[in-house]
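Take a look at the structure below.
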Amino acid sequence: MDKIKIIGGKKLNGKIYISGAKNAALPLICASLLTDETVTLTNMPMLSDITAMNALLAELGTQIDSFDDFVDEHPTKTYSYRTPKFKSLVAPYDFVRKMRASYYVLGPLLAREGHIELSLPGGCAIGARPMDIHLSALEQMGAKIEIKNGYVHADVDGRLKGAHIIFRIASVGATCNILMAATLAEGTTTIENAAKEPEIGDLIDLLNAMGAKISGKDTSILTIEGVDKLHGARHKVIADRIEAGSYAVAAAITRGNIELINAQAATLQTPLNILRSMGVTVEEKENSLIIDAQDRELEGKDIMTDFYPGFPTDLQAQFLALMLTAKGASMVTETIFENRFMHIPELLRMGANINVHGHASAIVRGVDKLYGAPVMATDLRASFALILAGLIAEGETIVNRVYHLDRGYEHLEQKLKGVGADIERIKEPD
Ligand code: EPZ
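Taking my numbering, the leading residue of the sequence shown gets 674, the next gets one more, and so forth.
So this is what it looks like as structure tokens:
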């Protein structure tokens, strides 16, 4: 398993290109299952989660072509997907346990084929993450759902029916799955308390380009008028706001200055306002963001994660790392997942001053210095928090299990090296 070695102390300066969004690309790939025509996705990030999703679709019978491409001179991938017919309607445990987003095949297969056997994803490091909201909504649309031997067996007699659905939680995954299922349902579906994350807006744009009739984008009430058939389309994936937010913190924590090319300020207003309130300068340009914290004494601020457009849970670990050397104290509260503080024990080993209350609140008191150490990555965003701490720690930090990072950060060490970080990947035999 590869490791990443960082020698801390460098101020980061320069430009970083922000890649296509992982959490948009994953449902977009599955939307291609709703038609027998070709769906082409551009600006796709080169990430292990994308490779994993492509492998699952190939298992189901999708023909996938991939092309090296360039967007704004940045090397990227274009993939085209075509599923004229299915060779399997089973999403096996081996795929789903490695990547829970595999469950995005649920809505499309039920809508198009009326049957699926999907392994339940099981819990993951950050929480139990059940699928009850997905499943009860599909039952409301006429699906028969049975859980047997760890698999969801779902069937529909004829077509799914439009329904009036109210989510008990504004779940991103459930909103994507029900949106896709409703496009081919008979009649109209309304989703109340839908999630409003920009990645959902991107999915709506693709589905409407494929001939779906969805209204209410960026609001919590979505209306989908079912159609008989969807056709192919070509779509550019939106920029990854979580990657952009993560590198914005890299600029702030090292007191550097980085221009984030392709970053969309409108999708990051809450985190950017926290940075501004800490004393960081944030300049919003047409197609980039400039984060400047040179020679700044940053002041710690409180953070509470929330549904979009509130503070994103996927930036909680990174911003907690930023508070470690800010002046004063910061209360960090995680409201979305029940176990998303696993970066904290590792940060404590680097000399951080953090006190955790229960499993939802941590008080961070700024310290003058962190010390490099061997640390263990546990989940995607916690791993980036360890990288951030290593960038400012005195001496050498070794981050183990970087496969977590490869799931969501394309060319991580190249991007950080390109702005002056002393970072390298140590290849270890598996
Ligand atoms: C998506 O996960 C993202 N993953 C997560 O990003 C992100 O943290 C999360 O949304 C919240 O923004 C992808 O987009 C692939 P939810 P998802 O359904 O859809 C509970 C990353 O680092 N819930 O909005 O699984 C759930 O347990 C990943 O890129 C139910 O109880 O999140 C959680 O507490 C991590 N029942 C809350 O809702 C359900 O049926 C929000 O989960 C569904 C969810």
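Think of the CB as a built atom: it goes at the ideal place given N, C-alpha and C, for glycine as much as any other residue.
For residue i, the nearest candidate out of the options (CA to CA)
i: isoleucine 820; options: Leu793, Arg1038, Pro985; result: Leu793
i: serine 705; options: Tyr752, Gly800, Pro748; result: Tyr752
i: methionine 951; options: Leu988, Ala906, Asp709, Gly1001; result: Gly1001
i: phenylalanine 992; options: Phe1010, Thr1008, Gly973, Tyr981; result: Gly973
i: tyrosine 920; options: Ala1094, Gly682, Asn716, Ala725; result: Ala1094
i: arginine 832; options: Leu707, Arg785, Phe768; result: Arg785
i: valine 825; options: Val769, Glu898, Val1040; result: Val769
i: phenylalanine 1014; options: Ala798, Glu959, Asp675, Leu762; result: Ala798
i: isoleucine 1096; options: Glu1069, Leu962, Tyr754; result: Glu1069
i: isoleucine 897; options: Arg914, Thr856, Arg928, Met883; result: Thr856
i: asparagine 930; options: Lys688, Gly918, Lys760; result: Lys688
i: glycine 823; options: Gly795, Lys869, Val922; result: Gly795
i: proline 1047; options: Ile1036, Arg1074, Val1029; result: Arg1074
i: leucine 791; options: Gly815, Ala827, Phe759, Leu811; result: Ala827
i: proline 871; options: Lys817, Ala938, Thr862; result: Ala938
i: alanine 1033; options: Leu852, Ala917, Val1005; result: Val1005
i: glycine 787; options: Ile818, Arg841, Ala1035, Ala882; result: Ile818
i: histidine 747; options: Ile737, Thr735, Thr715, Ser775; result: Thr715
i: threonine 735; options: Asp745, Thr713, Phe759, Val744; result: Phe759
i: aspartate 975; options: Pro944, Ala836, Asp767, Met719; result: Pro944
i: asparagine 727; options: Phe743, Asp742, Ala764; result: Ala764
i: leucine 876; options: Leu808, Val712, Pro700; result: Pro700
i: proline 982; options: Glu957, Leu1021, Asn946; result: Asn946
i: isoleucine 789; options: Ile680, His807, Gly815, Val829; result: Val829
i: phenylalanine 743; options: Lys909, Val1040, Asp1052; result: Lys909
Where residue i falls: helix, strand or coil (DSSP)
i: glutamine 967; result: coil
i: lysine 695; result: helix
i: valine 1072; result: strand
i: isoleucine 947; result: helix
i: phenylalanine 1010; result: coil
i: alanine 725; result: helix
i: glutamate 1101; result: coil
i: isoleucine 1065; result: helix
i: threonine 708; result: coil
i: isoleucine 818; result: strand
i: proline 871; result: helix
i: alanine 1192; result: Because the chain is modelled from 674 through 1103, residue 1192 falls outside the range shown and cannot be assessed.
i: arginine 621; result: Beyond the ends of the chain as shown, which are 674 and 1103, falls residue 621; an answer cannot be given.
i: glutamine 736; result: strand
i: arginine 1054; result: helix
i: asparagine 881; result: helix
i: histidine 630; result: No information on residue 630 is available, as it lies outside the stretch 674 to 1103 that the chain covers here.
i: tyrosine 920; result: helix
Residue i at chain D interface by Cβ criterion, 7 Å
i: glycine 831; result: Here there is only one protein chain, and chain D is not present.
Test item: CB-CB of residue i and residue j under 7 Å
i: lysine 834; j: glutamate 859; result: yes
i: leucine 729; j: isoleucine 926; result: no
i: phenylalanine 980; j: glycine 800; result: no
i: glutamate 710; j: histidine 904; result: yes
i: lysine 890; j: glycine 874; result: yes
i: lysine 683; j: alanine 725; result: no
i: valine 778; j: cysteine 849; result: no
i: threonine 978; j: threonine 1008; result: yes
i: isoleucine 911; j: glutamate 932; result: no
i: leucine 879; j: arginine 914; result: no
i: aspartate 1079; j: serine 721; result: yes
i: alanine 990; j: histidine 1016; result: yes
i: proline 781; j: leucine 852; result: no
i: isoleucine 691; j: alanine 936; result: yes
i: lysine 644; j: glutamate 1067; result: The structure shown does not extend to residue 644, since the chain is modelled only from 674 through 1103, so no value can be given for it.
i: lysine 695; j: glycine 1081; result: yes
i: serine 838; j: glutamine 813; result: Contrary to the premise, residue 838 reads as isoleucine rather than serine in this sequence. Their beta carbons are under 7 Å apart, which means isoleucine 838 touches glutamine 813 by this criterion.
i: methionine 717; j: glycine 693; result: yes
i: alanine 698; j: isoleucine 723; result: yes
Original post:
Is the number of C-beta pairs between the segment 933 to 951 and the segment 1078 to 1089 that are closer than 8 Å three or more?
Top reply: Not touching, per the Cβ criterion.
**Any 3 or more C-beta pairs closer than 8 Å across the segment 928 to 945 and the segment 963 to 973** = yes
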